[in-house]
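Peer 1:
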Amino acid sequence: MDWGWVQDHLGEIQSLFFQHAQFTLLALVYGFAIAFPLALAATRWPRLYTPILGLTGILFTIPSIALFMLMMPFTGPTATTCLIALTIYTLLVLVRNTVEGLKGVPREVREAAEAMGYRRFKQLFRVELPIALPVIIAGIRIAVVTTIGLVTITALIGFGGLGALFIDGFRQAFGTPIIVGFALSVLFAVAADLALVGVQRLLTPWARGGDSR
Amino acid sequence: MITFDSVSKRFADGTTAVDSLSLEVPDGEIAVFVGPSGCGKTTTLRMVNRMIEPTDGIIEVDGKNILKEDPAELRRRIGYVIQQIGLFPHRTIRDNIGTVPGLVGWDKKRTRERVEELIEVVGLPEDSGDRYPHELSGGQQQRVGVARALAVDPPIMLMDEPFGAVDPIVRTRLQEEFLRLQQEVQKTIVFVTHDIDEAIKMGDRIALLSQGGRLEQYATPEEMLAAPANEFVADFLGGERGLKQLALISVRDVDARSGPVVTPEDTPARASEVAEDANTDWVVVVDDARHLKGWVSIDELNGQGNVGEGDIHAFSAEVHAGDSLRTALNAMVTSRTGVAARVGEGGVYEGIVTHKLINEELSKPAQHGQD
Numbered sequence: 001m002d003w004g005w006v007q008d009h010l011g012e013i014q015s016l017f018f019q020h021a022q023f024t025l026l027a028l029v030y031g032f033a034i035a036f037p038l039a040l041a042a043t044r045w046p047r048l049y050t051p052i053l054g055l056t057g058i059l060f061t062i063p064s065i066a067l068f069m070l071m072m073p074f075t076g077p078t079a080t081t082c083l084i085a086l087t088i089y090t091l092l093v094l095v096r097n098t099v100e101g102l103k104g105v106p107r108e109v110r111e112a113a114e115a116m117g118y119r120r121f122k123q124l125f126r127v128e129l130p131i132a133l134p135v136i137i138a139g140i141r142i143a144v145v146t147t148i149g150l151v152t153i154t155a156l157i158g159f160g161g162l163g164a165l166f167i168d169g170f171r172q173a174f175g176t177p178i179i180v181g182f183a184l185s186v187l188f189a190v191a192a193d194l195a196l197v198g199v200q201r202l203l204t205p206w207a208r209g210g211d212s213r
Numbered sequence: 214m215i216t217f218d219s220v221s222k223r224f225a226d227g228t229t230a231v232d233s234l235s236l237e238v239p240d241g242e243i244a245v246f247v248g249p250s251g252c253g254k255t256t257t258l259r260m261v262n263r264m265i266e267p268t269d270g271i272i273e274v275d276g277k278n279i280l281k282e283d284p285a286e287l288r289r290r291i292g293y294v295i296q297q298i299g300l301f302p303h304r305t306i307r308d309n310i311g312t313v314p315g316l317v318g319w320d321k322k323r324t325r326e327r328v329e330e331l332i333e334v335v336g337l338p339e340d341s342g343d344r345y346p347h348e349l350s351g352g353q354q355q356r357v358g359v360a361r362a363l364a365v366d367p368p369i370m371l372m373d374e375p376f377g378a379v380d381p382i383v384r385t386r387l388q389e390e391f392l393r394l395q396q397e398v399q400k401t402i403v404f405v406t407h408d409i410d411e412a413i414k415m416g417d418r419i420a421l422l423s424q425g426g427r428l429e430q431y432a433t434p435e436e437m438l439a440a441p442a443n444e445f446v447a448d449f450l451g452g453e454r455g456l457k458q459l460a461l462i463s464v465r466d467v468d469a470r471s472g473p474v475v476t477p478e479d480t481p482a483r484a485s486e487v488a489e490d491a492n493t494d495w496v497v498v499v500d501d502a503r504h505l506k507g508w509v510s511i512d513e514l515n516g517q518g519n520v521g522e523g524d525i526h527a528f529s530a531e532v533h534a535g536d537s538l539r540t541a542l543n544a545m546v547t548s549r550t551g552v553a554a555r556v557g558e559g560g561v562y563e564g565i566v567t568h569k570l571i572n573e574e575l576s577k578p579a580q581h582g583q584d
């Protein structure tokens, strides 16, 4: 561990970390923007659920490096390529958890909401989504942690956030950048996960200390 | 008033859930829809707030065809209580009760005041407003369900087995509290149950439906018990129809006999005279203010100076004016004296209820059916 190297490269490490965080955040935002309408459609028309889940499932199984190579002819070695890939990988878990969360809303609760005189959209946003929130956030947590890991791989095409440190380290057969990259990405994942747990506790005070029945 | 005019519901798979149903639920009354599963009672209830649309026929609420109204607007004017309660788990009790006021746009202050009022009306602990549904017992949750349905004081309530999910003791209490509340609020209620005893207890009228949504009889519980329209109705009412009739008559409706009464100061000789007149071997003991002390056996008075020195037994069951004759009958069969002592406020003796009295009541011409 060469602390001197760390001191010398503090600025670089910092900007790599921000890039890492930015990619993670953007992938999640884009992913959710795509997954949410898909999930609503799959909830509204259950027949769509299997095909939607199947498609996002197949996308999820494509090895990441293969996906980069497949996209290379179209988008080249750009940040766009990285973001598209990262976004695609979030879809499966985001769609699945949003649908399952909505499906988990007890029938009698939906029925009561309807009988109280909620109209469809208001019922979705005021009753069903809030109740589905713990499951949706659980999906977001998995997506975030997975994405933070995947970003390091995008270093292969030059936009890897902390992953760039691994490549540097390997090239120079020098351990310090690898350790720094490893420690920071793990810390980032853990911190992001804990933050989301906090967000969930804040948003769903009712889910504490027991089941809803 | 809710009016069903030749209402039918056939589902896509060809089954008929409701078959040309016509009946009226008068203002301020509870109409209980009862019948075996598959008789269309829940379907009928859910057609009133358009959760299910009828295939044929017209349903009117206060003379207005509900099919011409906006479903959401209609539902906000109709209270809805179901067995599974369906409280919103993510909202506090206060917000659950305030749901419909919120939807119809009451201001915060008015909603809050109404919610506090309802928490008291339905008998919830004062501090339950800030709790979440899962923190309450089943019985309390059901009270919240009722409060939520009453929030904007809708003229009409739909109740689908509302007390079905709680244990029998809580159920009885909720039923009685609800009947008391209904006397004040006078809602027009469609109440669904599969339990004929609940129907008899809760209903001003009972609509008895059979498989395929046929209306077999629509009558007051008294009429139905005294004169079932057909075999199906009689079967569904079950055995013990006499007992069920007794459950509908209260002790105050019959004139209690004065019974063999003595005071503690009376002599054994006087007591046995009184007993002989009444053709019993026991006497009722009351004090000067006519407070009921109990009863003594004439045999046990042998050798005593006066009645007060004897062994005064408490009546195994005392009944009150508001109790049913069924309760009185139960008191009788468990009592050594074979009668139920009726007491009023402050334990004042009001007389005795005997088998003969009950017999007379059941054989009154007005109550007598075609059997």
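Line by line, the protein sequences are chains A and B. Sequence positions in the first sequence follow our numbering and run 1 to 213. Sequence positions in the second sequence follow our numbering and run 214 to 584. Quick reminder that beta carbons are idealized off the backbone N, C-alpha and C, glycines included.
1) Check the Cβ of tyrosine 118 (chain A) against every Cβ in chain B and list those closer than 8 Å, keeping chain order.
2) Using a 10 Å radius around the Cβ and a threshold of 16 neighbouring Cβ atoms, would you call threonine 80 (chain A) buried or exposed?
3) Report yes if the C-beta distance between leucine 371 (chain B) and valine 294 (chain B) is below 9 Å; otherwise report no.
4) Is glycine 549 (chain B) helix, strand or coil when you go by DSSP?
5) Thinking C-alpha only, which one of B:Arg304, B:Pro477, B:Glu453 and B:Glu435 is nearest leucine 461 (chain B)?
6) Consult DSSP for isoleucine 413 (chain B) and reduce its assignment to one of helix, strand or coil.
7) Short check: CB of histidine 407 (chain B) to CB of serine 250 (chain B), under 9 Å?
8) Assign tryptophan 3 (chain A) to buried or exposed, taking buried as 16 or more other Cβ atoms, counted over all protein chains shown, within 10 Å of its Cβ.
9) List the DSSP bridge partners of leucine 234 (chain B).
10) Taking the alpha carbon of serine 537 (chain B) as the point to measure from, which residue in B:Gly516, B:Lys457 and B:Lys577 has its own alpha carbon closest?
11) Taking the alpha helix (DSSP H) that isoleucine 84 (chain A) falls in, what are its first and last residues?
12) Near leucine 570 (chain B), what residues of its chain come up, given a Cβ to Cβ distance below 7 Å and the 5 sequence neighbours on each side ignored?
13) Which value, in whole angstroms, describes the spacing of the CA atoms of proline 63 (chain A) and arginine 208 (chain A)?
14) Go through the region 479 to 562 of chain B residue by residue and report every complete run of the alpha helix (DSSP H) that reaches 4 residues or more, in order.
15) Do arginine 289 (chain B) and valine 365 (chain B) count as a contact pair if the criterion is CB distance below 9 Å?
16) Is the Cβ-Cβ distance between valine 231 (chain B) and glycine 253 (chain B) less than 9 Å?
17) As a quick exercise: from B:Asp479, B:Gln353, B:Ser463 and B:Gly507, pick the residue whose alpha carbon is nearest that of arginine 539 (chain B).
18) Check whether the region 317 to 334 of chain B and the region 144 to 162 of chain A are in contact - that is, three or more C-beta pairs closer than 8 Å.
19) How about glutamine 388 (chain B) and glutamate 411 (chain B): do their beta carbons lie closer than 9 Å?
20) Kindly say whether leucine 280 (chain B), judged by its beta-carbon, lies nearer than 9 Å to any beta-carbon of chain A.
21) Can you tell me whether DSSP reads serine 185 (chain A) as helix, strand or coil?
22) Just curious, the alpha helix (DSSP H) that methionine 437 (chain B) is in, first and last residue?
23) Let me know if arginine 120 (chain A) comes out buried or exposed under the rule of 16 or more other beta-carbons within 10 Å of its beta-carbon.
24) Could you tell me whether the region 501 to 510 of chain B touches the region 556 to 574 of chain B, using the rule of 3 or more Cβ pairs below 8 Å?
25) Ordered along the chain, which non-local residues of its own chain (more than five positions away) have a Cβ less than 8 Å from that of glutamate 339 (chain B)?
26) Between arginine 454 (chain B) and the rest of its own chain, which residues show a CB-CB distance below 6 Å, the 5 nearest in sequence each way excluded?
27) Could you compute how far the alpha carbon of tyrosine 118 (chain A) sits from the alpha carbon of methionine 264 (chain B)?
28) Assuming contact is defined by CB atoms lying nearer than 9 Å, are glutamate 257 (chain B) and valine 487 (chain B) in contact in what I supplied?
29) In terms of alpha-carbon separation, which member of A:Ile13, A:His20 and A:Pro51 lies closest to glycine 160 (chain A)?
30) Check whether the region 90 to 99 of chain A touches the region 36 to 55 of chain A, taking contact to mean three or more Cβ pairs, one atom from each stretch, closer than 8 Å.
31) For glutamine 297 (chain B), go through chain A and note every residue whose CB falls closer than 9 Å to its CB, in chain order.
32) Name the two residues that bound the continuous beta strand (DSSP E) containing arginine 418 (chain B).
33) From serine 15 (chain A) to threonine 176 (chain A), what does the alpha carbon distance come to, in whole angstroms?
34) What residues are listed by DSSP as bridge partners for tyrosine 293 (chain B)?
35) On the DSSP bridge list, what partners appear for glutamate 273 (chain B)?
36) So, helix, strand or coil for glycine 582 (chain B), using DSSP?
Peer 2: Considering the structure as presented:
1) Here the neighbours are Ala285 and Leu316.
2) Only exposed fits threonine 80 (chain A), as fewer than 16 other CB atoms lie within 10 angstroms of its CB.
3) A contact, by the Cβ cut-off of 9 Å.
4) Correcting the residue identity first, residue 549 (chain B) is arginine in this sequence and not glycine. For arginine 549 (chain B), the three-state secondary structure derived from DSSP is coil.
5) Residue B:Glu435 is the option with its Cα nearest to leucine 461 (chain B).
6) Three-state result, isoleucine 413 (chain B): helix.
7) At the C-beta level, histidine 407 (chain B) and serine 250 (chain B) come within 9 Å of one another.
8) With fewer than 16 other CB atoms across the displayed protein chains lying within 10 angstroms of its CB, tryptophan 3 (chain A) is exposed.
9) B:Val220.
10) The option with the nearest alpha carbon to serine 537 (chain B) is B:Lys457.
11) Unbroken alpha helix (DSSP H) run through isoleucine 84 (chain A): 79 to 103.
12) Contacts found: Val467 and Arg470.
13) If I take the Cα positions, the gap works out to 38 Å.
14) Considered as a whole, the region 479 to 562 of chain B harbours 481 to 491 and 538 to 546 as its complete alpha helix (DSSP H) runs of no fewer than 4 residues, in chain order.
15) Yes, they are a contact pair.
16) For valine 231 (chain B) and glycine 253 (chain B), yes; Cβs fall inside 9 Å.
17) Of the listed residues, the one whose Cα sits closest to arginine 539 (chain B) is B:Ser463.
18) No: the two stretches stay apart, fewer than three of their Cβ pairs being nearer than 8 Å.
19) Contact flag set, yes.
20) For leucine 280 (chain B), the nearest beta carbon of chain A is not closer than 9 Å to its own beta carbon.
21) The answer is helix: DSSP assigns serine 185 (chain A) an H, G or I state.
22) 434 to 439 is the span of the alpha helix (DSSP H), which, as asked, contains methionine 437 (chain B).
23) Within a 10 Å sphere around the beta-carbon of arginine 120 (chain A) sit fewer than 16 other beta-carbons, which makes this residue exposed.
24) At 8 Å Cβ cutoff, the stretches touch.
25) The beta carbon of glutamate 339 (chain B) is closer than 8 Å to those of Ile332 and Glu333 in its chain, skipping five residues each way along the sequence.
26) The beta carbon of arginine 454 (chain B) lies closer than 6 Å to those of Leu438 in the same chain, with the five residues before and after it left out.
27) A direct Cα-Cα distance of roughly 12 Å separates tyrosine 118 (chain A) from methionine 264 (chain B).
28) A quick correction: the sequence has threonine, not glutamate, at residue 257 (chain B). Contact: no.
29) For the residues A:Ile13, A:His20 and A:Pro51, the minimum Cα distance to glycine 160 (chain A) belongs to A:His20.
30) Touching, yes, given that three or more Cβ pairs across the two stretches are closer than 8 Å.
31) By Cβ distance, chain A contributes Pro106, Arg107, Glu108, Val109, Glu111 and Ala112.
32) It spans 418 to 423 - the beta strand (DSSP E) in which arginine 418 (chain B) sits, taken as one unbroken run.
33) Taking C-alpha positions only, serine 15 (chain A) is separated from threonine 176 (chain A) by approximately 17 Å.
34) B:Leu371.
35) The partner list for glutamate 273 (chain B) (beta bridge, DSSP) reads B:Thr216 and B:Asn278.
36) Any reading at glycine 582 (chain B) needs caution, since the residue's pLDDT is 38, under 50, leaving its predicted position unreliable; the model's value is listed next. In this structure, DSSP gives glycine 582 (chain B) a state outside helix and strand, which the three-state scheme calls coil.
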